[in-house]
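*Asks:* Numbering (the numbering used here), first residue to last: 19 to 694. We put the CB at the ideal spot given by N, CA and C, even for glycine. All figures in this text were calculated on a predicted structure; none of them were measured in a lab. One structure coming up, written as structure tokens, with questions to follow.
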């Protein structure tokens, strides 16, 4: 009977934010393939959708056709974009797990479909022999994973210190899978790592290499998608989190490098984690997934060391060079210095500048790190204290000197730097704080004649500029890189033996349960850029908190003790990995009404669902970190439980029964990366 019904009707997940978005339509008498992308009528407009497996019984269909006049499908899109059964299974899992409309999810993840096809530019490896032999640690990890490489889904972790040669293990595993006729999906956290991995893979692999990230055009993405749909040849797919959605029924291995990185977590639309989706994809396609990092996420470290110890491999030795020495530069004495001297070198301590001088005299290159963009964090009137703020959010505007603008970090708002204070008319405006732009200016004044470049997303806006900056640095044309987190990830700088770090105190003081973990990960990743080819490297950290226990773990390169130290407060506070969380964000224009409604919903959940039976907590409601954006206020609450099924049941109950004003928006964030 279902076959007969499917020839006349189909169910479509529609790209429209209403309920689950699954509607029933008429076909032209021929069953549409499941996974077909279609256009359907929706009221007076047209909407896109995807055809789902038909799940209605004859009675349910009779009821629908009696109550509604069903409309026919308007059009079907290019069959090259039809989702396979396994691809659709992944989207359906995501829709359920992340509490997100299925039709919207599919169309969020698809590339823009262009009318004019173009030939896709595909790199092809030259299959050079490896230059390096696997050492004992690498060989142990490789052989252990290789033994299970073709035995279906399993999870493995390579925890290797920076410079330990994780990439060499990846290469050997990739070669084995490609030789078996299967493809490999290789996920990176950020676009700026793509060039160096592309170059490495081009040299040593003998297969097509497909790159997929924000740096390539929509046309390129479109043709990559079609190429994979039409070809079963083994390929290496390399890209950022969105590449997890590329079609590849021939997938034989998934690798997620730097799995700890928060860039894998999407913040807008469906708040999915690309790492976790990649793991689920490997499970659906019944192939192994390999996670790797020098600084594992606490959740994965805990999981692998307690339940999958045999699949957890450590690389404790660097392939070349040695670990850098750590020097803490105590900034607490700053107030004792003469004002002129402090202004002349601010925000650098004299010791920091001396270390840079010594490195430059040895003809070495230097990295200076601060995780802030711009010249000043905010501008303030010296006379009346007025601060220039983003009218959409109330957050202070950052000053960018080169562009001579004040710009918001949380919206598109920006204005030219005013000449006078709008409140009192005074012309004396203070530039408070510092970022990469100010550090570059100070260093250019202190080291005249030296080439000092910035390495941040304000300077590097595309792959071409990224490659240009890196090429100049590798050629020795740049003496000092001043950069943000972009500097910390994966780069291999041969002549860097000094890394100077500023601004860690603000990260440690940030009111979030992951602040210590994030700071530790960032510092370890940054210090990993020093001493890869030397035995006399140093990492200097300017701080007002030299007694913080974090720095002792950093100095001793003691990862396991740091994580054991960090697990204790997590256990006491019922934070991950000892619980799971889902945050609910509600936004509306009337703040008072919003707070009242969200508070009422939290109380209703407590009254409706027994805490004793279900073992859960609700934290909040509280205002979002940035409460106001574009005249919309946001308040949030977080549901916490050690039982993931309980957690999702509570959130589903809220979604189905809440009395929140229909004009307000509700966003569900599963496994939130940040909770204030």
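Measure the beta-carbon distance from residue 1 to residue 336 and round it to whole angstroms, keeping in mind my assumption that it falls under 8 Å.
*Replies:* Coverage of the chain is limited to positions 19 through 694, which leaves residue 1 absent and any answer about it impossible.
*Asks:* Which class does residue 681 belong to by DSSP, given the choice of helix, strand or coil?
*Replies:* Working through the chain shown from its first residue, we reach residue 681 at position 663. Three-state result, residue 681: coil.
*Asks:* Report yes if the C-beta distance between residue 66 and residue 33 is below 8 Å; otherwise report no.
*Replies:* On the chain shown, position 48 is the one that residue 66 refers to. On the chain shown, position 15 is the one that residue 33 refers to. Taking 8 Å as the Cβ cut-off, residue 66 and residue 33 qualify as a contacting pair.
*Asks:* Report the rounded CA-to-CA distance for residue 487 versus residue 420, giving the unit in angstroms.
*Replies:* What you label residue 487 is simply residue 469 of the chain shown in a count that begins at 1. What you label residue 420 is simply residue 402 of the chain shown in a count that begins at 1. Rounded to whole angstroms, the separation of the alpha carbons of residue 420 and residue 487 is 18 Å.
*Asks:* Under the rule that 16 or more other beta-carbon atoms within 10 Å means buried, what is residue 239, buried or exposed?
*Replies:* As a first step, residue 239 must be located in the chain shown, where it is residue number 221. By the neighbour-count rule (16 or more Cβ atoms within 10 Å), residue 239 is buried.
*Asks:* With the cut-off set at 8 Å, would you say residue 424 and residue 433 are in Cβ contact?
*Replies:* Position 406 of the chain shown, counted from the first residue, corresponds to residue 424. Position 415 of the chain shown, counted from the first residue, corresponds to residue 433. Yes; because the gap between Cβ atoms is below 8 Å, this pair is in contact.
*Asks:* As an exercise, report each continuous alpha helix (DSSP H) stretch of at least 4 residues that is fully enclosed by the stretch 217-272, in chain order.
*Replies:* 236-248
*Asks:* What are the boundary residues of the beta strand (DSSP E) that includes residue 349?
*Replies:* Against the chain shown, residue 349 aligns to sequence position 331. Residue 349 -> no beta strand (DSSP E), and no H or E assigned at all.
*Asks:* Taking the C-alpha atoms as reference points, what is the distance between residue 285 and residue 687?
*Replies:* On the chain shown, position 267 is the one that residue 285 refers to. On the chain shown, position 669 is the one that residue 687 refers to. Computed Cα separation, rounded: 8 Å.
*Asks:* Can you find the residues in the same chain that come closer than 8 Å, C-beta to C-beta, to residue 281, ignoring five residues on each side of it along the sequence?
*Replies:* Residue 281 sits at position 263 when you count from the first residue of the chain shown. Cβ within range, chain order: 207, 208, 258 and 259.
*Asks:* Would residue 175 pass as a contact of residue 291 if the rule is Cβ separation under 8 Å?
*Replies:* For the purposes of this step, residue 175 is taken as residue 157 along the chain shown, with counting starting at 1. For the purposes of this step, residue 291 is taken as residue 273 along the chain shown, with counting starting at 1. Cβ distance not < 8 Å, so residue 175 and residue 291 don't count as in contact.
*Asks:* Please say whether residue 455 and residue 521 have beta carbons closer to each other than 8 Å?
*Replies:* Taking the chain shown and counting its residues from 1, the one referred to as residue 521 is at position 503. Taking the chain shown and counting its residues from 1, the one referred to as residue 455 is at position 437. Result no, Cβ atoms of residue 521 and residue 455 do not sit closer than 8 Å.
*Asks:* Taking the Cβ atom as the reference point for each residue, do residue 605 and residue 651 lie within a distance shorter than 8 Å?
*Replies:* Within the chain shown, the letter at position 587 stands for residue 605. Within the chain shown, the letter at position 633 stands for residue 651. Yes. Within cutoff.
*Asks:* May I have the straight-line CA-CA distance separating residue 563 from residue 573, to the nearest angstrom?
*Replies:* Here the question's residue 563 lines up with position 545 in the chain shown. Here the question's residue 573 lines up with position 555 in the chain shown. Their Cα atoms are separated by approximately 14 Å.
*Asks:* Please classify residue 277: is it buried, with 16 or more other beta-carbons within 10 angstroms of its beta-carbon, or exposed?
*Replies:* For the purposes of this step, residue 277 is taken as residue 259 along the chain shown, with counting starting at 1. Buried, since its Cβ has 16 or more Cβ neighbours within 10 Å.
*Asks:* Pick out whichever of 27, 268, 58 and 198 has its Cα sitting closest to the Cα of residue 48.
*Replies:* Locating residue 48 in the chain shown gives position 30, where the first residue counts as 1. The residue with the shortest Cα to Cα distance from residue 48 is 27.
*Asks:* Check whether the Cβ atoms of residue 304 and residue 491 sit closer than 8 Å, and answer yes or no.
*Replies:* Within the chain shown, the letter at position 286 stands for residue 304. Within the chain shown, the letter at position 473 stands for residue 491. No; because the gap between Cβ atoms is not below 8 Å, this pair is not in contact.
*Asks:* Reducing DSSP to helix, strand and coil, say where residue 320 ends up.
*Replies:* Numbered from 1 along the chain shown, position 302 holds the residue referred to as residue 320. DSSP places residue 320 in helix when its eight states are reduced to three.
*Asks:* At 4 residues or longer, and completely inside the stretch 602-666: list those alpha helix (DSSP H) runs for me, N to C.
*Replies:* 609-626 and 629-632
*Asks:* Using three-state DSSP, classify residue 91 as helix, strand or coil.
*Replies:* Residue numbering aside, residue 91 sits at position 73 when the chain shown is read from its first letter. When DSSP states are grouped into helix, strand and coil, residue 91 belongs to the coil group.
*Asks:* Can you give me the C-alpha to C-alpha distance between residue 741 and residue 384, rounded to a whole angstrom?
*Replies:* Within the shown structure, residues of the chain are numbered from 19 to 694, placing residue 741 beyond reach of any answer.
*Asks:* In three-state DSSP terms, what is residue 573?
*Replies:* Counted from its first residue, the chain shown places residue 573 at position 555. Reduced to three states, the DSSP call for residue 573 is helix.
*Asks:* In the DSSP assignment, find the alpha helix (DSSP H) that holds residue 296 and state where it starts and stops.
*Replies:* The count along the chain shown starts at 1 and reaches residue 296 at position 278. Counting along the chain, the alpha helix (DSSP H) containing residue 296 begins and ends at 292-302.
*Asks:* Alpha carbon to alpha carbon, how far is residue 461 from residue 540?
*Replies:* Counted from its first residue, the chain shown places residue 461 at position 443. Counted from its first residue, the chain shown places residue 540 at position 522. Computed Cα separation, rounded: 23 Å.
*Asks:* Looking only at C-alpha atoms, which of 85, 693 and 431 sits nearest to residue 533?
*Replies:* Against the chain shown, residue 533 aligns to sequence position 515. Of the listed residues, the one whose Cα sits closest to residue 533 is 693.
*Asks:* Helix, strand or coil for residue 211, going by three-state DSSP, please let me know.
*Replies:* The residue labelled residue 211 in the question sits at position 193 within the chain shown. Here residue 211 sits in helix by DSSP.
*Asks:* Going by alpha carbons, who is nearest to residue 86 out of 389, 99 and 43?
*Replies:* Mapped onto the chain shown, residue 86 falls at position 68. The shortest C-alpha separation from residue 86 is found at 43.
*Asks:* Relative to the alpha-carbon of residue 402, which residue among 676, 575, 529 and 440 has its alpha-carbon at the smallest distance?
*Replies:* The residue given as residue 402 occupies position 384 in the chain shown. Nearest C-alpha to residue 402: 440.
*Asks:* With contact counted as at least three CB pairs below 8 Å, one residue from each stretch, are the stretch 548-559 and the stretch 497-517 in contact?
*Replies:* By the criterion of at least three beta-carbon pairs nearer than 8 Å, the stretch 548-559 is in contact with the stretch 497-517.
*Asks:* Might you give, ordered along the chain, the residues of its own chain that have their beta carbon closer than 7 Å to the beta carbon of residue 457, omitting 5 neighbours on each side?
*Replies:* The count along the chain shown starts at 1 and reaches residue 457 at position 439. Result list for residue 457: 386, 388 and 500, in chain order.
*Asks:* Where DSSP assigns a beta bridge to residue 414, which residues make up the other side?
*Replies:* Residue 414 sits at position 396 when you count from the first residue of the chain shown. In DSSP, residue 414 forms a bridge with 407.
*Asks:* What is the DSSP secondary structure of residue 1, reduced to helix, strand or coil?
*Replies:* Residue 1 falls outside the range modelled here, since the chain spans only 19 to 694, and no answer is possible.
*Asks:* Buried or exposed for residue 190, please, with buried defined as at least 16 other CB atoms from any protein chain shown within 10 angstroms of its CB.
*Replies:* Along the chain shown, one-based indexing puts residue 190 at 172. It counts as buried.
*Asks:* Taking contact to mean 3 or more Cβ pairs, one atom from each stretch, closer than 8 Å, check whether the stretch 215-226 and the stretch 186-200 are in contact.
*Replies:* Result yes; three or more Cβ-Cβ pairs closer than 8 Å.
*Asks:* Ignoring anything shorter than 4 residues or poking outside the stretch 434-494, list the alpha helix (DSSP H) runs there in chain order.
*Replies:* 454-464 and 481-492
*Asks:* What's the gap between the Cα of residue 129 and the Cα of residue 225?
*Replies:* Against the chain shown, residue 129 aligns to sequence position 111. Against the chain shown, residue 225 aligns to sequence position 207. For residue 129 and residue 225, the distance between alpha carbons rounds to 24 Å.
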